[in-house]
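Here is the structure we will look at.
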């Protein structure tokens with residue numbers, strides 16, 4: 001699976017949109033981009049995933065660049081409960097495709 | 112999370128004793144996974160299962176064994192616990208290898224301390 005690069009940490013203002021970047025320059029054609037988050041002491045929680053088109057659900061939006069080498073997770077109106085470690089993962093939907101978590105991006109929402 | 116439970120939630124055990132952690136699901140998902148999480152390492156895959164009696168090793172499988180005799184239960188056993196196995200253990204399930212529309216669902220974790 002392709003590797004991903006995320007900031008180690010970032011702060012976001014409560015009530016504002018939070019834009020979380022992820023680079024995956026070695027992504028291949030059949031690999032999806034997945035986002036999970038982990039709130040302190042809890043199990044990771046699925047947020048969203050996409051292949052090439054932008055995706056939106058009740059939690060967030062995922063913007064994937066046209067060359068698919070990077071993506072941005074957007075939390076439209078960050079709340080204090082969005083403080084968590086966010087993981088960007090690239091994985092194929094075929095074959096042996098277990099989730100491989102990196103160290104993620106520690107996002108702190110500030111009042 | 113609803114549909115997946117881990118037991119026990121907390122356990123303290125002595126070095127050299129066997130320990131079994133249980134993951135139980137009510138979703139009838141085919142795939143089940145055991146991860147451990149340690150500071151500085153993130154989540155690392157220990158073992159996974161792709162069906163009853165079908166299991167395989169992950170990246171940190173040494174010192175661990177697993178069993179899956181029925182769809183709903185996936186057991187993780189530490190044959191002889193060591194202090195390096197002190198960790199938080201998470202179980203996850205998914206409906207297919209690519210993950211269903213909601214990806215993987217994780218349990219709440221088991222905090223294991225080996226003294």
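Residue numbers (my numbering), protein chains in the order written: chain H, 1 to 111; chain R, 112 to 226.
Every residue gets a Cβ at the ideal spot worked out from N, C-alpha and C, and that includes glycine.
Computed from a prediction, not measured in an experiment: that's the story for all the values here.
Close-in-space but distant-in-sequence residues of the same chain around residue i (CB under 7 Å, 5 per side omitted)
i                      : result
residue 4 of chain H   : 22, 23, 24, 88, 89, 90 and 102
residue 140 of chain R : 204, 205 and 206
residue 46 of chain H  : 36
residue 211 of chain R : Because the pLDDT at residue 211 of chain R is just 49, under 50, the model does not fix this residue reliably, and the point stays unresolved.
residue 220 of chain R : 117, 199, 200 and 201
Sequence-distant residues of the same chain with beta carbon closer than 8 Å to residue i, five excluded per side
i                      : result
residue 179 of chain R : 143, 160, 162, 163, 164, 165, 166, 185 and 186
residue 172 of chain R : 157 and 158
residue 74 of chain H  : 17, 18, 19, 20, 60, 61, 62 and 63
residue 13 of chain H  : 78, 109 and 110
Residues bridged to residue i [DSSP beta-bridge criterion]
i                      : result
residue 51 of chain H  : Bridge partners of residue 51 of chain H: none, in fact.
residue 160 of chain R : R:143 and R:166
residue 21 of chain H  : H:72
residue 57 of chain H  : Looking at the DSSP assignment, residue 57 of chain H forms no beta bridge with any residue, so it has no partner.
residue 184 of chain R : R:135 and R:181
residue 11 of chain H  : H:108
residue 154 of chain R : R:148
Cβ shell of residue i (< 6 Å), same chain only, five flanking positions each side left out
i                      : result
residue 112 of chain R : Residue placement at residue 112 of chain R is poorly supported in this model, since its pLDDT is 49, which falls under 50; the coordinates still yield a value, given next. 216.
residue 11 of chain H  : 108 and 110
residue 222 of chain R : 121 and 199
residue 57 of chain H  : 48
residue 82 of chain H  : 75 and 109
residue 115 of chain R : 136, 204, 216 and 218
residue 188 of chain R : 131 and 176
Integer Cβ distance of residue i from residue j, believed to fall under 8 Å
i                      : j                      : result
residue 137 of chain R : residue 183 of chain R : 7 Å
residue 154 of chain R : residue 201 of chain R : 7 Å
residue 195 of chain R : residue 127 of chain R : About 13 Å; that fails the 8 Å criterion.
Terminal residues of the beta strand (DSSP E) in which residue i lies
i                      : result
residue 31 of chain H  : 31-38
residue 223 of chain R : 221-225
residue 100 of chain H : It is not in any beta strand (DSSP E) - residue 100 of chain H carries neither H nor E in the DSSP assignment.
residue 122 of chain R : 121-124
residue 85 of chain H  : 84-92
residue 199 of chain R : 198-205
residue 27 of chain H  : No beta strand (DSSP E) contains residue 27 of chain H, which DSSP labels as neither H nor E.
Anything in the region 42-75 of chain H with a Cβ closer than 9 Å to a Cβ of chain R? List those residues in chain order, please. Those residues of the region 42-75 of chain H that come within reach of chain R (Cβ to Cβ, closer than 9 Å) are 42, 43, 44, 45, 46, 47, 48 and 49.
Chain-ordered residues of the region 153-172 of chain R with a beta carbon less than 9 Å from chain H: 153, 154, 155, 156, 159, 167, 169 and 170
Residues of the region 172-192 of chain R in Cβ contact with chain H at a cutoff of 9 Å, in chain order, please. Listed by position along the chain: nothing, the set is empty.
To be precise: take each residue of the region 14-25 of chain H, compare its Cβ to all Cβ atoms of chain R, and keep it if any distance is under 8 Å. Which residues remain? Under the 8 Å Cβ criterion, the region 14-25 of chain H contributes no residue.
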